[in-house]
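Chain order of the listed sequences is A and B. Following numbering that gives the first Met the number 0, the numbering of the first sequence begins with 0 at its first residue and continues without gaps. Following numbering that gives the first Met the number 0, the numbering of the second sequence begins with 0 at its first residue and continues without gaps. Some notes on the structure that comes next.
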Amino acid sequence: MHKIIERAKKEKRSLLETEAKGLLKEYKISVPDFKLIKNEDEISKIAKEIAYPLVMKIVSPDIIHKSDAGGVKIGIKNENEAKLAYKEIISKAKKYNKEAKIFGVIVSPVVPQGTEVIVGMTKDPHFGPVVMFGLGGIFVEILKDVSFRILPLEEKDAQEMIAEIKGYKILRGARGESPKDIEAIKRILIKISQLTMENPEINEIDLNPIFVFKKGIQVIDARIIL
Amino acid sequence: MKKFFNPHSVAIFGSMKEGKTGSDLVRNITEGGFKGKVYPISHTGDQIFGLNIKKDFKDLDIDLAVIAIPSQFIPSILEKLGNKGVRSVIIISAGFSEVGNIKGEERIREIAKKYNMRIIGPNCAGIMNTEYNLFASIEVRALKGETAFITQSGALGGVVLMMAEEMGFGFSKFISYGNRCDVDEADLIKYLQDDYQTKVIAVYIEGLKDGRKFLAQAKKTLPKKPIIVIKSGKSKAGMRATSSHTGSLAGEDRIYDAAFKQSGILRVDNVREMFDLSRGLIYYQKIKGNKIAIVTNSGGPAVMTTDKLEELGLAVPEPSPSLKDRLKTSLPSNISLRNPFDLLAYGSAENFAFVCEEIASEYDAIIAIFVPTAYMDSTKIAKALGKVKDKIKKPIFASFMAGRLVKKGIEELNSYGIPNYGTGERCAKVIQKIVLYTSNLEGTKDA
């Protein structure tokens, strides 16, 4: 069993965002640089590792809807703002859920907006692990424009499930937009298949959103549920 | 499995009073012309359809037992059959998991395991092997054919058989498997894969117990023969507990749909589509590309067919300039030489045949649409198409419409092995699925 998973299992919780992103990195899935800050003093050292402006988010297995808890701050320009943001995130989180176990705050650079997609995994009672792909935002929320495949995934399956969604034209480059890196989406689908098959303790994965660019992708938010 | 379909002797357990299941089973088996031994078994004794009803089966040599007695008496009969070495049992009786009697079903599964016995059912309508004149079922006897039909619902099975009879459509095997306490869809598909009488496997399912087993078997079978599935219960929401976004979007039907697509199983929406596609696949299991030609004597139906083909992702391209020239020299000048090739209302059999033959090299399949005026003879066109079919080696589908005007023509088409459909749109749907089946198989060859 993977060490990250073993520890989380022992503590009877799912993976923290930092752990999930750490695991993704091991599978060569690109995530923006990140660091877990556990106290205010660590903030002065951030600049060495992560470039401003920053995004800061609460890290707690008990807070799933981070924005609702006031646990997300975007566009932090300097150390002072970062310190204020840290304090505010922690105090709001404590107010939102008094029982919540708080591990700290995850700090990442602001990533330029890309086309949002979602990749997920869940376990079906009849077919076992399945992977999902769709365009993010309203496409998934309202139109439910997503496709599924049973794992393990072959390259052909990955290609087909990307082409199957109605929003595929957007990825190919619609209305003057440049085409997006579909090969990179294929790779991430296959990596998620591999990660799931190699770690049977994982029950569900949400990578939402993933930003897709002309070249490359970045997983902005990741949840891995045991 | 072989003893289910080719038994030398069948014992029927059940009430032999007129109108009761046991009596119906004996009647279907004897009237169906089964050549082996038939043993009606009931404590009442007496005679039925000229056979002695046995009170005891101790000394009988039984290959297949068909049971239609109340559920509470079944375990003890199974034990006795097991001890005798009977390995194939069909349980028609209801009263098991479908009414919440999970324990009862568990019990018969255990007995089956103990004796290495296979059970089809319980709560099913039985099985048929038309080639062997075996009709161990309570439903109307199927005609001989090349499609095997597996159904979870016995009642739907009965409906399909009755509809098929009206259409003159036959089956190789019919299996209603009910609660599937032992033999399941995957086992049946595995058996049918090597059954030479079966060209097409059609399945009606409401839900699978073991999706992965089914898919694994389907993947093995599909290179040998196509599998058509009707999966009902589309609206049922996923039953899983989930906290992820992905989980909440993974409705049961979406997963089934993905599974069928991924494995190359051909999903249809209803019974009519199942018949349509089965008929198509019996004649043509390969359509190598998506270029479809329409040869017609009618405007409207051809346009509607074109629309459908394009909607389904198939192409209706114009012929090459050289082909156009070839056609021009031999056809009246007012005929449209684009695709659809419109031979106009009085399009002759010769012209139908000529155009089909000439264009065959540039298209992957042809749809011939013929709409006679009040006094035209549709058999001439049908014969011409039938003769050209052998020459061109490309699939021809027909839509002769409609009613009594084309009845004889359609019979003629059947005799030549050209499937006819009530509308060109239905042809289009069938063609799309066969193209898909063909390209899936090509894909597996490359891999």
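Here a beta-carbon is modelled for each residue, glycine too, at the ideal position from N, C-alpha and C. Note that this is a predicted model, so its numbers are computed, not measured.
So is residue i buried or exposed if we call it buried at 16+ other beta carbons inside 10 Å?
i: B/GLU78; result: exposed
i: B/ARG271; result: exposed
i: B/MET166; result: exposed
i: B/ASP445; result: Unreliable positioning characterises B/ASP445 in this predicted model, as indicated by a pLDDT of 44, which lies under 50. The coordinate reading is nonetheless provided below. The residue in question, B/ASP445, is exposed, as its Cβ has fewer than 16 Cβ neighbours within 10 Å.
i: A/SER90; result: exposed
i: B/GLU349; result: exposed
i: B/ALA364; result: buried
i: B/ALA124; result: buried
i: B/ASN269; result: exposed
i: B/SER152; result: buried
i: B/PRO331; result: exposed
i: B/ILE226; result: buried
i: B/THR328; result: exposed
i: B/HIS7; result: exposed
i: B/LYS43; result: Before going further, note that residue 43 of chain B is Thr rather than Lys in the sequence given. B/THR43 is exposed by the Cβ-count criterion.
i: B/GLU109; result: exposed
i: A/ARG171; result: exposed
i: B/VAL429; result: buried
i: A/GLY215; result: exposed
i: A/VAL140; result: The sequence given here has Glu at residue 140 of chain A, not Val. Exposed, because fewer than 16 other Cβ atoms sit within 10 Å of the Cβ of A/GLU140.
i: A/ALA50; result: exposed
i: B/GLY232; result: exposed
List, in order along the chain, the chain A residues whose C-beta lies closer than 7 angstroms to that of residue i?
i: B/ALA449; result: It is not possible to answer for residue 449 of chain B, since the shown part of chain B is limited to 0 through 446.
i: B/GLN261; result: ARG148, ILE149, ASP156
i: B/ILE254; result: ASP123, PHE126, VAL129, PHE147
i: B/ALA185; result: Per Cβ cutoff of 7 angstroms: no residues; B/ALA185 is ~12 angstroms from chain A at best.
i: B/ALA258; result: PHE126, ILE149
Kindly list, in the order they appear in chain B, the residues whose Cβ is closer than 8 angstroms to that of residue i.
i: A/ARG222; result: SER243
i: A/LYS143; result: LEU248
i: A/ASN207; result: HIS244
i: A/ILE62; result: By Cβ distance, chain B contributes nothing, its closest Cβ being about 13 angstroms from A/ILE62, past 8 angstroms.
Can you pull the chain B residues whose beta carbon is under 9 angstroms from the beta carbon of residue i, in chain order?
i: A/ASN198; result: Residues of chain B passing the Cβ test: none, with the nearest at roughly 16 angstroms.
i: A/ILE204; result: SER243, THR245
i: A/ASN96; result: Within chain B, no residue comes near A/ASN96; the closest Cβ sits about 15 angstroms away, beyond 9 angstroms.
According to DSSP, what are the bridge partners of residue i?
i: B/ASP252; result: B/ASP252 is not bridged to any residue.
i: B/LEU265; result: B/ILE227
i: B/GLN46; result: B/ASN51
i: A/PRO111; result: BP columns for A/PRO111 are empty, so no partner.
i: A/GLY133; result: A/ILE117, A/VAL145
i: B/LYS79; result: In the DSSP output, where bridge partners are listed per residue, B/LYS79 has none listed.
i: A/ILE169; result: A/ILE169 is not bridged to any residue.
i: A/GLU182; result: Note: A/GLU182 sits in no beta bridge, so no partner.
i: B/SER8; result: B/LYS36
i: B/PHE340; result: B/VAL294
i: B/GLY120; result: Answer is none; B/GLY120 lacks a bridge partner.
i: B/SER136; result: B/GLY125
i: A/GLU203; result: A/ILE224
List, in chain order, every chain A residue whose beta-carbon is nearer than 9 angstroms to that of residue i.
i: B/GLY442; result: LYS155
i: B/ALA314; result: Chain A residues near B/ALA314: none, gap ~18 angstroms exceeds 9 angstroms.
Can you round the beta-carbon distance between residue i and residue j to whole angstroms, since I take them to be within the 8 angstroms contact cut?
i: B/GLY263; j: B/LEU221; result: 5 angstroms
i: A/ASP61; j: A/ASN96; result: 6 angstroms
i: A/ILE191; j: A/VAL130; result: 6 angstroms
i: B/ILE452; j: B/GLY423; result: Because residue 452 of chain B is not part of the residues shown, which for chain B are 0 to 446, the question remains open.
i: B/ILE242; j: A/ILE201; result: The question names Ile, yet the displayed sequence has Ser at residue 242 of chain B. B/SER242 to A/ILE201, Cβ: 13 angstroms. No contact.
i: B/PRO121; j: B/ALA93; result: 7 angstroms
With respect to 7 angstroms, is the separation between the Cβ of residue i and the closest non-hydrogen atom of the ligand NAD below this value?
i: B/LYS393; result: Absent from the structure shown: the ligand NAD. Ligands present: none.
Residues of chain A with a CB under 8 angstroms from the CB of residue i: which are they?
i: B/ALA367; result: The contacting residues do not exist; B/ALA367 stays about 33 angstroms from chain A at best.
i: B/ALA10; result: None at all; the shortest Cβ gap to chain A is about 35 angstroms.
i: B/ALA163; result: The premise fails here: B/ALA163 is roughly 29 angstroms from chain A at the closest Cβ pair, so nothing lies under 8 angstroms.
>> Whether or not the region 118 to 137 of chain B and the region 47 to 60 of chain B are in contact is what I'm after, with contact meaning three or more pairs of Cβ atoms, one per stretch, closer than 8 angstroms; do they touch?
In response: no
> Between the region 199 to 223 of chain B and chain C, which residues of the former have a C-beta closer than 9 angstroms to a C-beta of the latter?
Replying inline: Absence of chain C from the displayed structure is noted, the protein chains being A and B.
> Okay, do the region 401 to 408 of chain B and the region 372 to 384 of chain B touch, 3+ Cβ pairs below 8 angstroms being the bar?
Replying inline: yes
> For the region 84 to 104 of chain B against the region 29 to 41 of chain B, are there 3 or more C-beta pairs whose distance is under 8 angstroms?
Replying inline: no
>> Quick test of the definition: if touching needs 3 or more C-beta pairs under 8 angstroms, does the region 70 to 77 of chain A touch the region 179 to 191 of chain A?
In response: no
>> Taking 8 angstroms as the cut-off, does the region 280 to 296 of chain B touch the region 163 to 174 of chain A (at least 3 CB pairs, one atom from each stretch)?
In response: no
>> So, does the region 78 to 85 of chain A touch the region 195 to 212 of chain B, judging by three or more C-beta pairs under 8 angstroms?
In response: no
> Looking at C-beta atoms only, is the number of pairs between the region 198 to 208 of chain A and the region 111 to 127 of chain A that lie closer than 8 angstroms three or more?
Replying inline: yes
> Is the number of C-beta pairs between the region 139 to 154 of chain B and the region 171 to 187 of chain B that are closer than 8 angstroms three or more?
Replying inline: yes
> Would the region 14 to 29 of chain B and the region 30 to 46 of chain A be scored as touching if the rule is three or more Cβ pairs under 8 angstroms?
Replying inline: no
> For the 8 angstroms Cβ check, are there 3 or more pairs between the region 176 to 190 of chain B and the region 102 to 109 of chain A?
Replying inline: no
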